[in-house]
Every structure is written in structure tokens, then in C-alpha cells.
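Engineer: Starting off with a structure, shown below.
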DNA sequence: TGTATTTTTTAGTCTTATCTAAAAATATTT
DNA sequence: AAATATTTTTAGATAAGACTAAAAAATACA
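Chains as they are written, first to last, in my numbering: chain A, 1 to 222; chain B, 223 to 444.
Encoded structure:
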């Protein structure tokens, strides 16, 4: 009884998965509407449909959360999205700020063999170009140890960039411009209380980062 | 005024393009319905819509044919389809009988940059895994000299397989089984009038081919 | 506790792409 | 040319996914 889902349905499932992860609580109709850039009434409709397909549990006025099957569906879509992003950057030489929209389309291609062969072709990558974990064939995700936000680090600590909490093109291009990418090594040289900005050393130069920027960069202490 | 088309619209355009090529005459509603596996009434609707978008010329009861712009659209879709098929076979190790359905999905991905980067990644192939020409960025197609059907060859002529006129999985698997693929060299050893079957030599073995098979294999004399 | 505000749902409409059934136009045959 | 058959179009219906406007439920707050 492998349900065939429309692209729209898959997008809703993905959004619910991600909103649920943020709060660990049922996803409200309004929040989902905002994320999907649609109206609450459309969401109610869709959520009812998906609940009929038993991909999620829905209680009127109480929001919804995915069932085990819904979660599996979400992970499959996320897997495809992140594999395609990796393909676009690694093989087709796209910038990491250019791949999201194309991957949004590619993630809906239906073929298990395609996904798995692509995975193999890319040599079973564990992380995508933004540092997000790629679920494997069985939906398993590699858990990373002790990652934190750059903005949380103490003076003089050294860290390596392992991800970004915001994949928007403008932020990614900002990072590019300042030569920050996955794997970049940073040292915190200064912190300013009054605006939570900081100065970091990278590639032997000093770079000043606003709190907005440093809080969206995920790092690992070295 | 680059129109954004739905997948369904793109599929109709492609079908009209290919039916037109076969007969060089306006495509009738019924023929199109059969090709699209849908009803004539649906076709009438769609053809009216596409004619409003000036992608084709439509005269009631007289069938339709693509405009220059419709043709450009068809060639773009065909280009994507054949590039993806090439990618699937060359890079992801699919069999040539497995790629059609997946390429039918991939051909609708909208991104000029994706198509062009893929083209470059594949090293600007001129033909796809079935021997069909791949339109370039400008819709130009390499014309091949003096190709003919295997069934048309005289006794003792030597030829190389350059394409298939039928991309169905069952036919392609039949060819695979008999070690016939693009580039295979054949010599006609025997022809039987009564059923138009023939015997050909390839890889130092003799293979008997029905008329149905030999008429669907495109070859070039050596 | 009762009123006001916010959130969510319901009801009804729209568009795209499909369908069936019936009507109209064209083609074929006698 | 009339009758018959085929092809094509029109008319009306349906389903998915969206919308607006209005009703209902939940929440906040005085």
C-alpha cells in the first residue's frame, strides 16, 4: 500500500517534519500556512487529506504531527533533496547558494533505483553542501557530536564550520564573499557585548561578524 | 514573454512534434489522443489552450501543427530528455531499456543552467543511448548521413548499428540479449523472402532476426 | 466569568486537466 | 446525392489544490 503522493503533498509532509523538529510539538495550521506560503484554509484541506492517507495525525484545532509512515515519507524526500544538492555542487559545479530551488524540483522524481544509484555515484555522502545530514536508504541519519553555534563560543576558542542554519542565497553568498565555507577553521579573537558581534580569524585575516551571522553558523570545536 | 508550461502541456507539445515529424501533415485530434493515452475531448481542450498561447496553429476539425515557438519548446524538452537518458546510462549505470520513464520525469525540471551544466558534464554528447540526436543549446541537431533500416540492406553488406526506431524496454532487452547495441558491426549473411527474416553475423556468431526486429534497427553502411 | 482577540474551520468559488455523453462536422459508401 | 460511419467538438461533471469570506472554536484578558 505504498501511496503515491503529489508534489504538493510531499511538500506539506516535509514542512510538517521540519516544523515539528523545531518545537517538538504538534504543528499548528497557521504556522504551516506561513511556511507553505498559503492560506490556513488550504492547509486545513490538505491536512485532512493527508490524515485520511494516515500520513499524519490531526485533531481539529490542535494541529498535526506525522505518523511513522509520514516520517518515512519525509525522510525519503529529504534524502533525495540533499543528494541532488550534493550532485549539483560536486558534479555540476553549482554554488551552494544556487542549488536549493532546483533540488526542490528534483526531490519529487519518483524512482528508488535513481536515488540509490545517485547515492552510489556520489560515493554515499553523509552531509550535503550546507552541512545537513543525508538520510541513507533506510532513513538513518548520522548524528554529529557536540556541534554548537559560532555565536556561543568563548574567546580564543578554535572551531571548524560544519553547517549553516539558514540556507538562503543571500546569506550563503555573504559567507562565500568572506571565504567561509564548510571546513573553514576559525578562531574567536574578540567579542563585543553591546551588539553581540565578534571578530574571528580565518586564513590569517580578521573578519568581523554580526550576531545575526554568527548565530547561523554551526561549528565544531577542535 | 517566456511562457511557463505545465508538464502536461510540455508532453502534448512533444507528442505533436513527434507525430508531425512522422507524417509532415497536421496532427489530428484522434491521433494525438491515442498517443497521449487520453480522450479526444481532452485533446480538443488542450489544443485550444496551447493555440491561445500561440505554441501551435489549430483549425477546428483540421488538426494542429506547432508554431516556431512551439517547436523551440519541443526541442528544449527533447534536449533535456535525451541528456538525462545519457546521464542515466553513462554515469548512473542504467540499462538503455530502463531510462525512458525516469527521463520523462526529469525532462520537466526547469533550469536552463542545470541543462547546460549537465550537457557540459556529459561532454556535449551528440547522441543519446538509443542513437537519437540531442539538440544543442540552440535547438540545433546533428544530421546524420545515409542511415537506413537494417531490413533494407542487401546480402553481404556490412553496417554499424546507430539507433533504434523503437525504444520499448522489451525490444531493447531483446537487443541486449543478442548483444546488439549502438556501434555493433553486422554483416548480412542470408535473407528469406517468405517472411522477410534475415541472418546476420556479429561477434563471429550468426543471429537470425525477424522482419519486425530488423526493421526497427537503424544502421549505417561501412 | 464574560468579552475581545486570535486561530481554525466551513462553505462556496476558481482553474487545470481530465472524463462521459451527446451534438455537429466531415468522410465514406452505395 | 443520400445514407452511413467516423471524427471532432461541445456541454456538463469531477477531483486536486488553491482562494475569499464568514462562522465557530479556542485563548487571552479585564
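Where a beta carbon is used, it is the ideal one built from N, C-alpha and C, also for glycine.
1) Interface residues of chain B around residue 106 of chain A at Cβ under 7 Å?
2) Compute the distance between the beta-carbons of residue 384 of chain B and residue 408 of chain B, then report whether it is under 8 Å.
3) Let me know if residue 221 of chain A comes out buried or exposed under the rule of 16 or more other beta-carbons within 10 Å of its beta-carbon.
4) Skipping 5 residues on each side, what residues in its chain have a beta carbon closer than 6 Å to that of residue 214 of chain A?
5) In terms of DSSP beta bridges, what is residue 413 of chain B paired with?
6) Which first and last residues belong to the beta strand (DSSP E) in which residue 149 of chain A is found?
7) Pick out the complete beta strand (DSSP E) segments inside the segment 243 to 326 of chain B, 3 residues or longer, and give them in chain order.
8) Comparing alpha-carbon positions, which option in A:33, A:21 and A:16 lies nearest residue 51 of chain A?
9) Taking just the CA atoms, how far does residue 365 of chain B sit from residue 338 of chain B?
10) Does residue 227 of chain B have its Cβ less than 8 Å from a Cβ in chain A?
11) Across which residues does DSSP place residue 131 of chain A in a beta bridge pair?
12) Taking the alpha helix (DSSP H) that residue 5 of chain A falls in, what are its first and last residues?
13) As a quick exercise: from B:423, B:278 and B:397, pick the residue whose alpha carbon is nearest that of residue 434 of chain B.
14) What does residue 316 of chain B touch in chain A if you count any residue whose Cβ is under 9 Å from its own?
15) Can you give me the start and stop residues for the alpha helix (DSSP H) that residue 219 of chain A sits inside?
16) Which stretch, first to last residue, makes up the beta strand (DSSP E) that contains residue 429 of chain B?
17) Please confirm whether residue 343 of chain B has its beta-carbon closer than 8 Å to some beta-carbon of chain A.
18) Comparing alpha-carbon positions, which option in A:30, A:102, A:202 and A:83 lies nearest residue 139 of chain A?
19) I'd like to know whether the C-beta of residue 356 of chain B is nearer than 8 Å to at least one C-beta of chain A.
20) Does the pairing of the segment 109 to 123 of chain A with the segment 186 to 196 of chain A give three or more beta-carbon distances under 8 Å?
21) So, is residue 247 of chain B buried or exposed, given that buried needs 16 or more other C-beta atoms within 10 angstroms?
22) Can you give the beta carbon distance from residue 296 of chain B to residue 359 of chain B, rounded, assuming they're within the 8 Å contact cut?
23) Can you check whether the C-beta of residue 78 of chain A is within less than 8 Å of a C-beta belonging to chain B?
24) So, helix, strand or coil for residue 126 of chain A, using DSSP?
25) In whole angstroms, what is the alpha-carbon distance linking residue 294 of chain B and residue 228 of chain B?
26) Tell me the DSSP secondary structure of residue 109 of chain A in three-state form.
27) Where does residue 368 of chain B land, buried or exposed, given buried means 16+ other C-beta within 10 angstroms?
28) Name the DSSP beta bridge partners of residue 380 of chain B, please?
Structural biologist: In terms of the structure at hand:
1) By 1-based counting over the first chain, the position of residue 106 of chain A is 106. Chain B residues near residue 106 of chain A: 331.
2) Position 162 of the second chain holds residue 384 of chain B. Position 186 of the second chain holds residue 408 of chain B. Taking 8 Å as the Cβ cut-off, residue 384 of chain B and residue 408 of chain B do not qualify as a contacting pair.
3) Indexing the first chain from 1 puts residue 221 of chain A at position 221. Looking at its Cβ environment, which holds fewer than 16 other Cβ atoms inside 10 Å, residue 221 of chain A is exposed.
4) Numbered from its first residue, the first chain carries residue 214 of chain A at position 214. Scanning its chain for C-beta atoms nearer than 6 Å, with the 5 sequence neighbours on each side dropped, one finds around residue 214 of chain A the residues 150, 151 and 198, in chain order.
5) Numbered from its first residue, the second chain carries residue 413 of chain B at position 191. The partner list for residue 413 of chain B (beta bridge, DSSP) reads B:420.
6) What you label residue 149 of chain A is simply residue 149 of the first chain in a count that begins at 1. 147 to 149 is the span of the beta strand (DSSP E), which, as asked, contains residue 149 of chain A.
7) 278 to 281 and 285 to 288
8) Working through the first chain from its first residue, we reach residue 51 of chain A at position 51. Nearest of A:33, A:21 and A:16 to residue 51 of chain A, Cα basis: A:16.
9) The residue given as residue 338 of chain B occupies position 116 in the second chain. The residue given as residue 365 of chain B occupies position 143 in the second chain. For residue 338 of chain B and residue 365 of chain B, the distance between alpha carbons rounds to 21 Å.
10) Reading the second chain from its first residue, position 5 is the one you call residue 227 of chain B. For residue 227 of chain B, the answer is no, since every Cβ of chain A falls outside 8 Å of its Cβ.
11) Taking the first chain and counting its residues from 1, the one referred to as residue 131 of chain A is at position 131. Per DSSP, none; premise fails for residue 131 of chain A.
12) Within the first chain, numbered from 1, the residue matching residue 5 of chain A stands at position 5. Looking at the DSSP string, residue 5 of chain A is not in any alpha helix (DSSP H), and its letter there is neither H nor E.
13) Within the second chain, numbered from 1, the residue matching residue 434 of chain B stands at position 212. Measuring from the Cα of residue 434 of chain B, the nearest candidate turns out to be B:397.
14) As a first step, residue 316 of chain B must be located in the second chain, where it is residue number 94. The contacting residues are 113, 114 and 117.
15) Along the first chain, read from residue 1 onward, the residue named residue 219 of chain A stands at position 219. Premise fails: residue 219 of chain A lies in the beta strand (DSSP E), 217 to 221, not in any alpha helix (DSSP H).
16) Start at 1 with the first residue of the second chain, and residue 429 of chain B comes out as number 207. That run of the beta strand (DSSP E) goes 427 to 431.
17) The residue given as residue 343 of chain B occupies position 121 in the second chain. It does; some Cβ of chain A falls within 8 Å.
18) Position 139 of the first chain, counted from the start, is the residue given in the question as residue 139 of chain A. Among A:30, A:102, A:202 and A:83, the Cα nearest to that of residue 139 of chain A belongs to A:83.
19) The residue labelled residue 356 of chain B in the question sits at position 134 within the second chain. Closer than 8 Å: no.
20) no
21) As a working note, residue 247 of chain B is residue 25 in the second chain. Label assigned to residue 247 of chain B: exposed.
22) Along the second chain, read from residue 1 onward, the residue named residue 296 of chain B stands at position 74. Along the second chain, read from residue 1 onward, the residue named residue 359 of chain B stands at position 137. Contact flag wrong, Cβ pair sits at about 15 Å.
23) Within the first chain, residue 78 of chain A is the residue found at index 78, counting from 1. So no, residue 78 of chain A is outside the interface.
24) Within the first chain, the letter at position 126 stands for residue 126 of chain A. Three-state result, residue 126 of chain A: coil.
25) On the second chain, residue 294 of chain B is found 72 positions in, with the first residue counted as 1. On the second chain, residue 228 of chain B is found 6 positions in, with the first residue counted as 1. If you take the alpha carbons of residue 294 of chain B and residue 228 of chain B, they lie about 16 Å apart.
26) As a first step, residue 109 of chain A must be located in the first chain, where it is residue number 109. Residue 109 of chain A: coil per DSSP, three-state reduction.
27) Start at 1 with the first residue of the second chain, and residue 368 of chain B comes out as number 146. Answer is exposed; the Cβ neighbour count stays below 16.
28) Translated into positions along the second chain, residue 380 of chain B becomes position 158. Per DSSP, B:409.
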